[in-house]
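Residue numbering for the sequence shown follows our numbering, beginning at 924 and increasing consecutively. Cβ coordinates follow ideal geometry from the N, Cα and C atoms, glycine included. Model, not experiment: these values are computed from the prediction. First the structure, in the form of structure tokens, and then the observations on it.
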Amino acid sequence: MIDRFNYIVVTFFYIGRMPFLQGTLASFFSCLVIYFFFIFLVPSFYLQISVLIMLLFIAFLSIKRYQLKSNHYDPPEIVIDEVCGMMISILFFNYLNDLANSFSSEHIRYLITAFITFRILDGVKPSFIYRIQLRNSVSSILLDDVLCGLLTLLIVSTLKLSSII
């Protein structure tokens, strides 16, 4: 039972089992889930940070357990790291956007910008992020996406506060 739950977590409800674009699909669907989380719950700053910390903790433990069972360092079906990165990318969404107009074009622009920026950074991996990914550890699997998420948050927040998006 635990192994099945662990597999569901690392593959983000089996999205990691898709034959192609696993990371992109996981990022896309997690972006939608997180958006609805913001729209319907309007979480406080502390709740957002708490959920993120719990997600990172669960992701770390799940990846570690999965690696031990699979004997692979970073198999493509592990996509929970993309989910963590995407969550960081749109963290504080409700503070940067007017939630009174749910599903507005402004929200869509923000989410699309965050999604595309995150996927580009995760694909290109700027040099310091790439060096982290080269380490063969559970933390490096997560850390590269966490850093891409932080960079995305910085870029998208700056664009939003500058009224560019």
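Selected residue, minimal CA-CA separation from residue i, among the options
i: K1083; options: D997, M1009, Q1056 and F1016; result: F1016
i: I1035; options: C954, S1060, I938 and E1005; result: C954
i: S1062; options: F936, F952, D997 and L948; result: D997
i: E1000; options: A1037, Y958 and P942; result: P942
i: I1013; options: Y937, F968 and G939; result: F968
i: E1005; options: I1078, G1046 and I1087; result: G1046
i: L1076; options: L1019, L984, F1051 and F963; result: L1019
i: K987; options: S1050, F960, S1060 and V1079; result: S1060
i: L948; options: F963, M1009 and I972; result: M1009
i: I1011; options: T1040, L984, R1054 and E1029; result: T1040
i: E1029; options: I1088, I1078, S985 and F1051; result: I1088
i: I962; options: S1050, D1021, S1080 and Y937; result: D1021
i: P1049; options: L964, L1074 and F980; result: L1074
i: S1080; options: A1037, F952, F928 and I1055; result: A1037
i: I1078; options: F1051, L1044 and I1055; result: L1044
i: D926; options: F952, S985 and F980; result: S985
Integer Cβ distance of residue i from residue j, believed to fall under 8 Å
i: C950; j: R1042; result: It is worth fixing the name first, because residue 950 is Ser in this sequence and not Cys. Yes, they are in contact, since the Cβ atoms of S950 and R1042 sit about 6 Å apart, within 8 Å.
i: I1003; j: A982; result: 4 Å
i: C1089; j: G939; result: Not covered by the structure: residue 1089. The range shown for the chain is 924 to 1088.
i: F960; j: P966; result: 7 Å
Terminal residues of the alpha helix (DSSP H) in which residue i lies
i: S985; result: F968 to S993
i: F963; result: Q945 to L964
i: D997; result: Element bounds for D997: n/a, residue is neither H nor E.
i: I1064; result: V1061 to L1084
i: F1051; result: S1050 to Q1056
Check: residue i C-beta below 7 Å from any heavy atom of the ligand FAD
i: S1060; result: Ligands are entirely absent from the displayed structure, and the ligand FAD is therefore not among its contents.
For the stretch 960–976 against the stretch 928–938, do three or more pairs of beta-carbon atoms, one drawn from each stretch, fall closer than 8 Å, so that the two count as touching? no
Quick test of the definition: if touching needs 3 or more C-beta pairs under 8 Å, does the stretch 984–1002 touch the stretch 1067–1079? no
Between the stretch 943–952 and the stretch 1021–1029, are three or more C-beta pairs nearer than 8 Å? no
Contiguous alpha helix (DSSP H) assignments of at least 4 residues, all confined to the stretch 999–1039: 1003–1012 and 1016–1019
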